[in-house]
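*Asks:* For reference, the structure I am asking about is given below.
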Amino acid sequence: MVTYNKISGIDLNQIILWCLAYFLFGLNLAQATDQNKSICVSASPSGVTLLDNKTESLTLKFDVGMVDFHPVTTAEGEFVLPTISGFSRSFKTGEPSLPMVNKLISIPFDCQLQVDIVSSEFEIYNLEEIGITTPIMPVQPSLSKSDEPSEVPFVYNRSLYQIDKFYQLPLIDTEILGTLRSQHLALVSFSPFEYNPVQNSLRVCRSLTVNISYLNPDWIETDSMHKRHYSPFFEPVYRGIINYNSSSAPVRSDIASYPIKYLIVSDRMFENQLQPFIEWKTKKGFDVVVAYTDVIGATSSAIKSYINNLYNSGTPENPAPSFVLLVGDDQQIPAFDANKGSFVTDLHFCEFTGDYLPVMYYGRFSAQNIFQLQPQIDKTLEYEQYLMPDPSYLGEVTLVSGNDDQNASSYGNGQINYGTENYFNVTHDIDPNVWLYPSSSMPGADEDIIETINNGVGFYNYTAHCTHYGHQDPEFFTNDVDDLTNIHKYFLGIGNCCQTNTFSSDFGSPCFGEAFLQAEDRGGIGYIGASEDTYWDEDYWWAVGYGPVDGGGPDFEDTGPGAFDGVFHDHGEPVSQHFNTNGAIVMAGNLAVTESGSSRSDYYWEVYHLMGDPSVMTYFGMPTANSVTHPPAADMHGYSIVVTATAGSYVGITANGILHGAGYVDLSGTVTIPLTPFPETGTADIVVCAQNKIPYFGSLDIVENSDPHVIFESNAINDASLGNGNSIVDVGEPILLGVELKNVGIADALDVEAVLSTEDPYITITDDTELYGTISGGYSVKYLGEAFSFYFDADAPDGHTAIMTLSVTGTGGGRSDPPWLSEFTVTVHSPSFSIKSISIDDSAENGNGLIEPGETAEIILAIENTGSGVGGNIIGTLAEPDSFVFLDN
């Protein structure tokens, strides 16, 4: 038995457990077999671990476990390709292809980065001893999907392979990328291999711990950017940032008070057509701003200037837009000429610092006339409002790995298999129609694929070759879109292929993506595709996340987050990351390419586009009902109401086309929505939307109340006198709760008494009643710092949120009122411990970091507190039932 020191603080903390005398009988883990050509470099799994995340720095640990070697046959001879689970590869063309791993990190604005190596462990391996006699494969440029592989020359820096010394990349490197909405991003790269091609040997860094310090940060600007540009709809794309702390996002203070802003930039000819669309977006809870080009200017630079000014003028009270919809074709809303090739791009409407990272989601309703626009509006409204006569088609998808005898079996099949293994399957109530290569090359495949679309699918993905006119093999062209019969069965399509979104005015006919949306009573509500060529490597990473290419479909743990991962929530993602709009899908895919370290990451930000509304949340499978409750009425003077719904829901309250309140439902399942006053009594609409939920439509009676009305306004945690003084609620800790009440009525509230209650099984209220006396009318408040007291049981789960009910009584206005009920939530913090990493200290033996027969070694376990609460007096016990293992302690 081993006793740990106290683990304190909310940051990830670790304690080292030392255990002695480990004897293992069996295979030497450094020994590779002829069959698998692998080396077990260490006992730790390969990957990157965040050890510490402080205000001024972060600490990362990189581990290399198993290294696999794959034989490769080329026109230039035989090679071997080393891979590591979860790692990418180097990108220096013609030079040895060595595994490396990259991680996105969030850093303060205007800082520089300093990297200090805390510890490192290296080992040299003779590859011939494990049966590898061929050189390591040289890096080849990523192949464009428009290239003929046989015509692409093999790149091989032969002179480098004749140098008798270790070829190496920087062991650890950082690059500041730029600004993605409220986050300032950098990329950290770890290259653990050094390769001597003459000696046929590898020097491997099996473990590296580094501390990355932020030098001269601008904390004022950092705090300002986080507050001014926070948007819950951007939380999903931050999931790939290893040190992003979603719990620090200002969800309750900002989104509960201020609605999401949605910007439409349009040609004036579409003004009348857009009105139903604007009305619907307002009902959803968006603050819709419409700018017409005859006012703001019709050039791309003038439009960008307007968007830039609107974005930069955002405040916490008047947030910057989260979504931008461009309405018009290239002739009406001229796109930018790309910097990374000869094509057009909409990226630079929403990117203002030259770093290629957009700060808003954007999409385009491409139309040159009202006849091309109307179907896009009609289909989007029907889809979002769930008005389709038979929604059962949403439970089907069609996935196609197209015909390419060189790459489809690996890249294409790997992408589709990853999708079906992890997401598009019966576990998610989805029935997939799948064409893998070579079945996609069989006669009749194109007709069969189009038949599934006519019958109805909720999602379609194709990866292989395309042109301006559509998917090339199997064929699905613009003329096929004209003949579709999927009326009322509209869907999202993604083409990971070349040129299907070439919407430039240089073309005399609509591209596939435009035709797909412009088609009346058929086609889809969104299409994601490229305005120029795409590449096999980058398209694969875009969809599944960066990592080794596996035709059978990689495991989730072997890749970083990709576009597919963003729309499902099977891996413990917090509710805050459950917004998954079509705009977010594009961004998630492009971020995966950025994280890969590819030299084409900027190109991908420019080339991929969404045709359609960026705020649409695609139904993946059959949606279910959203359990929504709210009061039947609201006071015309405003005040607030409490709405309960599925966590992650977004609520809008409108009357006569005017937005009066909006809010985000967090993990507690409730949100208190402040309401702006209504001009008159009547009825208000309430709409609640969430991913994969049927939208809720309800109403509120708007009444006038001249009496007092006292509600909960805010609370404060006081644990200074009875607890540990960290201002959060820890398990078992006595809490004094300060509560502020507000009288939103007209008359004074007299003899006010508040009673606190809860049905939560983990909480015990020790003082439930407080007298407030008189609270004046007209939005007056009264705060009592020690109004109530309670504690959470020791077994309460970390992050558990208790719903508290406040029943307030009082008199005034000439009569006695029944209780005024308000709800708020309190979240508890508890420790949770897990093994972060395992390493071996056999320095008393041969010192190679591996447990081998007959050795005595120390096992070093790094234990981390993954919970958000303080843990003390921690005790750990190590046991091993294996008869070949002996534990001294």
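Mapped onto the working numbering, the consecutive letters of the sequence shown carry residue numbers 1057 to 1945. Even glycine gets a Cβ: it sits at the ideal position worked out from N, Cα and C. No experiment lies behind these values; they were computed from the predicted model shown.
Cβ atoms of threonine 1115 and aspartate 1108: under 8 angstroms apart, would you say?
*Replies:* On the sequence shown, position 52 is the one that residue 1108 refers to. On the sequence shown, position 59 is the one that residue 1115 refers to. Contact: yes.
*Asks:* So aspartate 1607 and threonine 1615 are in contact, right, with Cβ under 8 angstroms, and what is the actual spacing, rounded?
*Replies:* As a position in the sequence shown, residue 1607 is number 551, starting the count at 1. As a position in the sequence shown, residue 1615 is number 559, starting the count at 1. A small correction: the amino acid at residue 1607 is glycine; aspartate does not occupy that position in the sequence shown. That pair is no contact at about 14 angstroms.
*Asks:* Provide the residue span of the alpha helix (DSSP H) that contains isoleucine 1568, from first to last.
*Replies:* Looking up residue 1568 in the sequence shown gives position 512. Note that residue 1568 corresponds to phenylalanine in the displayed sequence, not to isoleucine. First-last of the alpha helix (DSSP H) with phenylalanine 1568: 1568-1574.
*Asks:* For the alpha helix (DSSP H) that contains threonine 1483, what are its first and last residues?
*Replies:* The count along the sequence shown starts at 1 and reaches residue 1483 at position 427. No alpha helix (DSSP H) contains threonine 1483, which DSSP labels as neither H nor E.
*Asks:* In angstroms with no decimal places, state the Cα-to-Cα distance between leucine 1085 and glycine 1903.
*Replies:* What you label residue 1085 is simply residue 29 of the sequence shown in a count that begins at 1. What you label residue 1903 is simply residue 847 of the sequence shown in a count that begins at 1. In this prediction, leucine 1085 scores a pLDDT of 30, lower than 50, which makes its location untrustworthy; no coordinate-derived value is stated.
*Asks:* DSSP beta-bridge partners for leucine 1264?
*Replies:* Taking the sequence shown and counting its residues from 1, the one referred to as residue 1264 is at position 208. Its beta-bridge partners are Phe1118, Ser1176.
*Asks:* Verify whether the separation of the beta carbon atoms of asparagine 1638 and leucine 1548 is less than 8 angstroms.
*Replies:* One-based indexing of the sequence shown puts residue 1638 at position 582. One-based indexing of the sequence shown puts residue 1548 at position 492. Closer than 8 angstroms, so yes.
*Asks:* Quick check: is the beta carbon of glycine 1677 nearer than 8 angstroms to any beta carbon in chain D?
*Replies:* This model lacks chain D altogether, as it is built from one protein chain only.
*Asks:* In the DSSP assignment, find the alpha helix (DSSP H) that holds valine 1600 and state where it starts and stops.
*Replies:* By one-based count along the sequence shown, residue 1600 stands at place 544. Start and end: 1592-1600.
*Asks:* Can you give the beta carbon distance from leucine 1403 to glutamate 1588, rounded, assuming they're within the 8 angstroms contact cut?
*Replies:* Looking up residue 1403 in the sequence shown gives position 347. Looking up residue 1588 in the sequence shown gives position 532. Their Cβ separation, rounded to whole angstroms, is 12 angstroms, which puts leucine 1403 and glutamate 1588 out of contact at 8 angstroms.
*Asks:* Using a Cβ-Cβ cutoff of less than 6 angstroms, which residues in the same chain neighbour alanine 1711 once the five nearest sequence positions on both sides are dropped?
*Replies:* Position 655 of the sequence shown, counted from the first residue, corresponds to residue 1711. Hits under 6 angstroms: Phe1734, Ala1740.
*Asks:* Can you check which of these residues, Val1744, Tyr1270, Lys1798, Asp1775, is closest to histidine 1765 by C-alpha distance?
*Replies:* In the sequence shown, residue 1765 corresponds to position 709, counting from 1. Checked all of Val1744, Tyr1270, Lys1798, Asp1775; the closest Cα to histidine 1765 is Lys1798.
*Asks:* For alanine 1347, which of Pro1332, Arg1324, Gln1329 has the nearest alpha-carbon?
*Replies:* Position 291 of the sequence shown, counting from 1, holds the residue named residue 1347. The shortest C-alpha separation from alanine 1347 is found at Arg1324.
*Asks:* Note down, in chain order, each residue of its chain lying with its Cβ closer than 6 angstroms to the Cβ of aspartate 1090, except the 5 sequence neighbours on either side.
*Replies:* Taking the first residue of the sequence shown as 1, we reach residue 1090 at position 34. Reliability fails at aspartate 1090, whose pLDDT of 37 lies under 50, so the model's placement of it is uncertain and no value is given.
*Asks:* Per DSSP, what are the beta-bridge partners of leucine 1271 in this structure?
*Replies:* Start at 1 with the first residue of the sequence shown, and residue 1271 comes out as number 215. Gln1168, per the DSSP bridge assignment.
*Asks:* Quick check on proline 1209: buried or exposed, where buried means 16 or more other Cβ atoms within 10 Å of its Cβ?
*Replies:* In the sequence shown, the residue the question calls residue 1209 occupies position 153. Classification for proline 1209: exposed.
*Asks:* From glutamine 1255 to isoleucine 1180, what distance separates their C-alpha atoms?
*Replies:* Position 199 of the sequence shown, counted from the start, is the residue given in the question as residue 1255. Position 124 of the sequence shown, counted from the start, is the residue given in the question as residue 1180. C-alpha separation (whole angstroms): 11 angstroms.
*Asks:* Beta-carbon within less than 7 angstroms of isoleucine 1506's beta-carbon, same chain only, minus the 5 sequence neighbours each way: which residues are those?
*Replies:* On the sequence shown, position 450 is the one that residue 1506 refers to. Answer for isoleucine 1506: Phe1532, Asp1536, listed in chain order.
*Asks:* Is the beta carbon of valine 1787 less than 8 angstroms from the beta carbon of alanine 1690?
*Replies:* Residue mapping note: residue 1787 aligns to position 731 of the sequence shown, counting from 1. Residue mapping note: residue 1690 aligns to position 634 of the sequence shown, counting from 1. Cβ distance not < 8 angstroms, so valine 1787 and alanine 1690 don't count as in contact.
*Asks:* Should arginine 1214 be labelled buried (16 or more other beta-carbon atoms within 10 Å of its own) or exposed?
*Replies:* As a first step, residue 1214 is located in the sequence shown; it is residue number 158 there, counting from the start. Classification of arginine 1214: exposed, given that the 10 Å Cβ count is below 16.
*Asks:* Express the C-alpha separation of valine 1759 and proline 1688 in angstroms, rounding to a whole number.
*Replies:* Along the sequence shown, read from residue 1 onward, the residue named residue 1688 stands at position 632. Along the sequence shown, read from residue 1 onward, the residue named residue 1759 stands at position 703. Between proline 1688 and valine 1759, the C-alpha separation is close to 10 angstroms.
*Asks:* In three-state terms, what does DSSP make of arginine 1259?
*Replies:* Residue mapping note: residue 1259 aligns to position 203 of the sequence shown, counting from 1. Strand at arginine 1259.
*Asks:* Exposed or buried, what is methionine 1498 when buried is set at 16 or more other beta-carbons lying within 10 Å of its beta-carbon?
*Replies:* Within the sequence shown, numbered from 1, the residue matching residue 1498 stands at position 442. Exposed, since its Cβ has fewer than 16 Cβ neighbours within 10 Å.
*Asks:* According to DSSP, simplified to helix, strand and coil, what is aspartate 1538?
*Replies:* In the sequence shown, counting from the first residue as 1, residue 1538 sits at position 482. Helix at aspartate 1538.
*Asks:* Out of Leu1666, Phe1844, Val1321, which one is the CA nearest neighbour of glutamate 1570?
*Replies:* As a position in the sequence shown, residue 1570 is number 514, starting the count at 1. Cα-wise, what sits closest to glutamate 1570 is Leu1666.
*Asks:* I need the boundaries of the beta strand (DSSP E) containing lysine 1110, first residue and last residue.
*Replies:* One-based indexing of the sequence shown puts residue 1110 at position 54. Per DSSP, lysine 1110 belongs to no beta strand (DSSP E) and is neither H nor E.
*Asks:* What's the gap between the Cα of valine 1490 and the Cα of arginine 1578?
*Replies:* Against the sequence shown, residue 1490 aligns to sequence position 434. Against the sequence shown, residue 1578 aligns to sequence position 522. Distance between the alpha carbons of valine 1490 and arginine 1578: 22 angstroms.
*Asks:* Please list the segments of the beta strand (DSSP E) lying wholly inside the region 1724-1805, counting only runs of 3 or more residues, in order along the chain.
*Replies:* For the region 1724-1805, whole beta strand (DSSP E) runs of length 3 or above, ordered along the chain, are 1726-1730, 1738-1745, 1752-1759, 1766-1774, 1791-1799.
*Asks:* For serine 1948 versus arginine 1656, is the C-beta distance shorter than 8 angstroms?
*Replies:* Outside the shown range of the chain, which is 1057 to 1945, sits residue 1948, and nothing can be said about it.
*Asks:* Taking all protein chains shown into account, decide if phenylalanine 1559 is buried (16 or more other Cβ within 10 angstroms of its Cβ) or exposed.
*Replies:* Indexing the sequence shown from 1 puts residue 1559 at position 503. By the neighbour-count rule (16 or more Cβ atoms within 10 Å), phenylalanine 1559 is buried.
*Asks:* In the DSSP assignment, find the alpha helix (DSSP H) that holds leucine 1366 and state where it starts and stops.
*Replies:* Position 310 of the sequence shown, counting from 1, holds the residue named residue 1366. Leucine 1366 -> alpha helix (DSSP H) spans 1356-1368.
*Asks:* Hey, could you find the ends of the alpha helix (DSSP H) aspartate 1350 is sitting in?
*Replies:* By 1-based counting over the sequence shown, the position of residue 1350 is 294. First-last of the alpha helix (DSSP H) with aspartate 1350: 1349-1352.
*Asks:* Pull up the distance between the alpha-carbon of aspartate 1529 and that of alanine 1501, whole angstroms please.
*Replies:* On the sequence shown, position 473 is the one that residue 1529 refers to. On the sequence shown, position 445 is the one that residue 1501 refers to. Cα-Cα distance, rounded: 9 angstroms.
*Asks:* In this structure, how does DSSP classify methionine 1193 when only helix, strand and coil are distinguished?
*Replies:* In the sequence shown, the residue the question calls residue 1193 occupies position 137. In the structure shown, methionine 1193 sits in coil (DSSP, three-state: anything other than H, G, I, E or B).
*Asks:* Name the one or two DSSP bridge partners that lysine 1838 has.
*Replies:* Reading the sequence shown from its first residue, position 782 is the one you call residue 1838. Leu1797.
*Asks:* I need the DSSP call for histidine 1240, collapsed to helix, strand or coil.
*Replies:* Position 184 of the sequence shown, counted from the start, is the residue given in the question as residue 1240. Looking at histidine 1240 - three-state DSSP - the assignment turns out to be strand.
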